[in-house]
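In the UniProt record's numbering, the protein residues as written are 1 to 213. Just so it is clear, CB atoms sit at the ideal spot from N, CA and C, and this is done for glycine as well. Computed from a predicted structure; not experimentally measured.
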Amino acid sequence: MNNNNRTPYAKVIKLQKELAKKVITRDDFDSNVEFICGVDVSYRKKIAYCSAVIINKENFDIIETVSSKTGIKNPYIPGLFILRESAPILQTLRLITRPFQLLLVDGHGVLHPRRCGLACYVGIDTNIPTIGVAKSLLCGGVQSDNFVTHKGEILGYALKSNENSKKVAYVSVGHKIGLLTSIELVKSITKINQYIPEPLRVADKLSKELDDK
DNA sequence: GCGACAG
DNA sequence: ATCTTGTCGC
Numbered sequence: 001m002n003n004n005n006r007t008p009y010a011k012v013i014k015l016q017k018e019l020a021k022k023v024i025t026r027d028d029f030d031s032n033v034e035f036i037c038g039v040d041v042s043y044r045k046k047i048a049y050c051s052a053v054i055i056n057k058e059n060f061d062i063i064e065t066v067s068s069k070t071g072i073k074n075p076y077i078p079g080l081f082i083l084r085e086s087a088p089i090l091q092t093l094r095l096i097t098r099p100f101q102l103l104l105v106d107g108h109g110v111l112h113p114r115r116c117g118l119a120c121y122v123g124i125d126t127n128i129p130t131i132g133v134a135k136s137l138l139c140g141g142v143q144s145d146n147f148v149t150h151k152g153e154i155l156g157y158a159l160k161s162n163e164n165s166k167k168v169a170y171v172s173v174g175h176k177i178g179l180l181t182s183i184e185l186v187k188s189i190t191k192i193n194q195y196i197p198e199p200l201r202v203a204d205k206l207s208k209e210l211d212d213k
């Protein structure tokens, strides 16, 4: 193998660095948040099963669910998650017919080595206010106040279902929303004794139930 | 150079 | 993420 074949991801890394400059990390939406969409992907064999769920912020009612199957075209590489999950997610979001004001993605936003995780990529592509929610840390460390910093920057927040829970949801800005607003909105859409916000929890369950029969 | 590493 | 049985704990 020569050098050209050894680093096939240089272009994606460059794209992430460019997109990182376009991420809006403050609240930038006028309508009140009434409906929130969550999108998640599961895998079986060589197929990616993706589901998106829209939930009413006030009563947690499920407003709409859509799903899609996509062939896996790229491997999972830490830091380059967009390579594997962005296509299935963007395709599934196109199937939605009901309006929603906020998008939750199963992966980090700016809490990323290059400040451009999957949630930023999807948020910029769709131009929808987006929050990244991940179940584990890719970079950075949790401070005593539960905020997560990386190289001196406050980029995320470790949200626990309760004080003595080991389960943590790492929240970070995806696009067009501030970190503090992100934290409050994620908290508001997460059920008691649960650490994954409803839209994502339901989308995860649905994607795993999809069958290719 | 070494270890870590979203799903 | 997925592949997987029984098992520990509230």
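According to the DSSP assignment, K208 belongs to the alpha helix (DSSP H) that extends over E198 to E209. DSSP assignment within the region 82 to 133 yields the following whole beta strand (DSSP E) runs of 3 residues or more, N-terminal first: 102 to 105. The C-beta distance from L200 to L104 rounds to 5 Å, short enough to meet the 8 Å contact threshold. When the alpha-carbon of L19 is set against those of I124, G132 and G38, the nearest one is in I124.
Each of L102, I89, D145 and L155 was checked against the Cα of R114, and the nearest Cα belongs to L155. If only complete runs of 4 or more residues are kept, the region 10 to 35 shows the alpha helix (DSSP H) at 10 to 22, in order along the chain.
Under the DSSP assignment, I177 falls outside any alpha helix (DSSP H); it carries neither an H nor an E label.
With respect to the C-alpha of K69, the residue from L80, L83 and S51 having the closest C-alpha is S51. The Cβ-Cβ distance between E153 and L118 does not fall below 9 Å. Straight across, the Cα-Cα distance linking I96 with L90 is about 11 Å. If you check the CB distance, I131 and S188 do not come in under 9 Å. The shortest C-alpha to C-alpha distance from T65 to any of V39, I82 and K57 is the one to V39. With respect to the 9 Å criterion, Y157 and S172 are classified as neighbours on the basis of their beta carbons.
A distance of 9 Å or more separates the beta carbons of F100 and F147. By alpha-carbon distance to C37, the top candidate from I192, T126, N162 and H150 is T126. Excluding the 5 residues flanking it on each side, I72 has same chain C-beta neighbours closer than 6 Å at K46 and A48, in chain order. I177 sits close to L102, with the two beta carbons spaced by under 9 Å. The Cβ atoms of A10 and D106 do not sit closer than 9 Å to each other.
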